[in-house]
Amino acid sequence: MIIVTGGAGFIGSNIVKGLNNKGIEDIIIVDSLKYSEKHLNLNRLKFKDFLSKEDFLNKLDSINNISIISHQGACSDTMETDGDFMMKNNYEFSKQLYDFCNRSNRKGIKFIYASSASVYGNGDNGFKEETSSEYPLNIYAYSKYLFDQYVRANSKSAQSQVVGLRYFNVYGPQENHKGKMASVFFHFYNQAKETGVIKVFEGSKNFLRDFVFVDDIVNINLHFHDNNISGIFNCGTGQCRSFYDVAIAVKEHFPGKEIKIEEIPFPEKLKGKYQAYTQADLENLRKTGKYDKEMTDVYNGASQYIKILAKDLGYYK
Numbered sequence: 043m044i045i046v047t048g049g050a051g052f053i054g055s056n057i058v059k060g061l062n063n064k065g066i067e068d069i070i071i072v073d074s075l076k077y078s079e080k081h082l083n084l085n086r087l088k089f090k091d092f093l094s095k096e097d098f099l100n101k102l103d104s105i106n107n108i109s110i111i112s113h114q115g116a117c118s119d120t121m122e123t124d125g126d127f128m129m130k131n132n133y134e135f136s137k138q139l140y141d142f143c144n145r146s147n148r149k150g151i152k153f154i155y156a157s158s159a160s161v162y163g164n165g166d167n168g169f170k171e172e173t174s175s176e177y178p179l180n181i182y183a184y185s186k187y188l189f190d191q192y193v194r195a196n197s198k199s200a201q202s203q204v205v206g207l208r209y210f211n212v213y214g215p216q217e218n219h220k221g222k223m224a225s226v227f228f229h230f231y232n233q234a235k236e237t238g239v240i241k242v243f244e245g246s247k248n249f250l251r252d253f254v255f256v257d258d259i260v261n262i263n264l265h266f267h268d269n270n271i272s273g274i275f276n277c278g279t280g281q282c283r284s285f286y287d288v289a290i291a292v293k294e295h296f297p298g299k300e301i302k303i304e305e306i307p308f309p310e311k312l313k314g315k316y317q318a319y320t321q322a323d324l325e326n327l328r329k330t331g332k333y334d335k336e337m338t339d340v341y342n343g344a345s346q347y348i349k350i351l352a353k354d355l356g357y358y359k
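In my numbering, the protein residues as written are 43 to 359.
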């Protein structure tokens with residue numbers, strides 16, 4: 043049995059799809075459908091049961107034959123200012139699952155969880171998986187950072203495989219429900235389609251991010267499902283691209299239609315909380331994590347994603 047928390051969400055639903063592609067359907071999805079449109083992410087997935095977080099925690103001790111907990115569930119809104127909510131939802135819940143997997147009577151349950159590249163802050167000290175590089179700029183990033191610290195502090199006594207995956211800027215199908223937090227690929231495509239104008243922040247040619255296609259994230263997760271390796275690993279491409287590059291990549295998929303790229307003022311509320319540059323250091327993933335697949339570049343990723351956006355509005359059908 044594989045548990046996928048956040049399994050109705052963006053990355054979680056893609057992981058379930060990746061498991062289905064391997065013929066695995068013995069899956070319990072843990073999530074909330076408060077935003078009911080998320081059910082569209084589930085329509086083409088095969089799984090055994092769906093539980094709310096509360097029901098899951100109540101039933102956890104009675105669920106038999108768990109092999110993996112893939113913990114993708116979290117509040118990922120970087121503009122959320124309720125620190126108590128963020129810590130309870132992201133930090134405390136993660137600790138509960140970690141502790142469950144590492145009880146002596148539960149030895150052998152793999153715990154693979156979503157960390158975040160946001161823990162690196164502005165990146166002044168690089169993007170290597172070590173505390174000297176980490177300085178979170180918002181409470182979301184801090185909740186992820188603190189759980190990574192909890193994992194590190196308990197690593198010597200861990201009874202099971204524990205893997206933290208620091209996702210950089212992920213994009214791809216099934217992110218519609220994220221609204222303002224959806225990737226720039228999603229927003230740029232819809233802007234171009236609806237208005238013929240892609241809007242980028244002033245200075246976007248100098249805002250560089252490591253944009254990683256969700257299929258690569260799925261492949262990395264499944265790699266650790268199949269290999270008994272523990273650690274915290276960056277998950278990106280190892281290459282950065284500007285937001286302007288993404289706008290051009292999207293623009294090229296509207297042949298015969300004039301698409302303009304327009305600069306808009308940078309929002310005041312994002313100043314001091316915005317990562318202007320990210321680029322994953324993949325040395326640990328490649329060597330310690332033994333992951334050797336090539337990553338999808340921005341132009342190929344945009345091409346694959348936009349085909350699904352154009353045909354099926356960004357969902358698997």
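Cβ coordinates follow ideal geometry from the N, Cα and C atoms, glycine included.
As the structure is a prediction and not an experimental result, all values here were calculated from the model.
Using DSSP bridges, identify the partner residues of residue i.
i           : result
residue 103 : Beta-bridge pairing links residue 103 to no other residue.
residue 250 : 284, 319
residue 241 : 304
residue 213 : 255
residue 47  : 72, 113
So, helix, strand or coil for residue i, using DSSP?
i           : result
residue 277 : strand
residue 229 : helix
residue 338 : coil
residue 91  : strand
residue 265 : helix
residue 173 : helix
residue 294 : coil
residue 201 : coil
residue 77  : coil
residue 347 : helix
residue 149 : coil
residue 97  : helix
residue 312 : helix
residue 166 : coil
residue 270 : coil
residue 85  : coil
residue 352 : helix
Less than 7 Å between the C-beta atoms of residue i and residue j, yes or no?
i           : j           : result
residue 234 : residue 292 : yes
residue 71  : residue 49  : yes
residue 212 : residue 57  : no
residue 111 : residue 52  : no
residue 210 : residue 115 : no
residue 207 : residue 157 : yes
residue 289 : residue 249 : no
residue 244 : residue 305 : yes
residue 327 : residue 269 : no
residue 302 : residue 239 : yes
residue 252 : residue 330 : no
residue 69  : residue 89  : yes
residue 219 : residue 80  : yes
residue 189 : residue 136 : yes
residue 186 : residue 161 : yes
residue 356 : residue 350 : yes
residue 63  : residue 216 : no
residue 113 : residue 155 : yes
residue 255 : residue 214 : yes
residue 264 : residue 60  : yes
What span of residues does the beta strand (DSSP E) with residue i cover, start to end?
i           : result
residue 305 : 302-306
residue 208 : 204-209
Starting from residue i and walking both ways along the alpha helix (DSSP H), at which residues does that stretch end?
i           : result
residue 157 : Not the alpha helix (DSSP H): residue 157 falls in the beta strand (DSSP E), residues 152-158.
residue 139 : 135-143
residue 128 : 125-128
residue 188 : 181-195
residue 38  : The displayed coordinates of the chain run from 43 to 359. Any statement about residue 38 would go beyond what the structure contains.
residue 58  : 52-63
Three CB pairs or more closer than 8 Å across the segment 276-296 and the segment 221-240:
yes
Taking 8 Å as the cut-off, does the segment 336-343 touch the segment 271-286 (at least 3 CB pairs, one atom from each stretch)?
By the C-beta criterion, the segment 271-286 is judged to be in contact with the segment 336-343, since at least 3 inter-stretch pairs fall below 8 Å.
Does the pairing of the segment 168-175 with the segment 122-140 give three or more beta-carbon distances under 8 Å?
no
Take every Cβ of the segment 135-151, pair it with every Cβ of the segment 193-203, and state whether three or more of those distances are shorter than 8 Å.
Because the criterion of three Cβ pairs below 8 Å is met, the segment 135-151 and the segment 193-203 touch.
Three or more C-beta pairs closer than 8 Å, one from the segment 161-169 and one from the segment 214-228: is that the case here?
no
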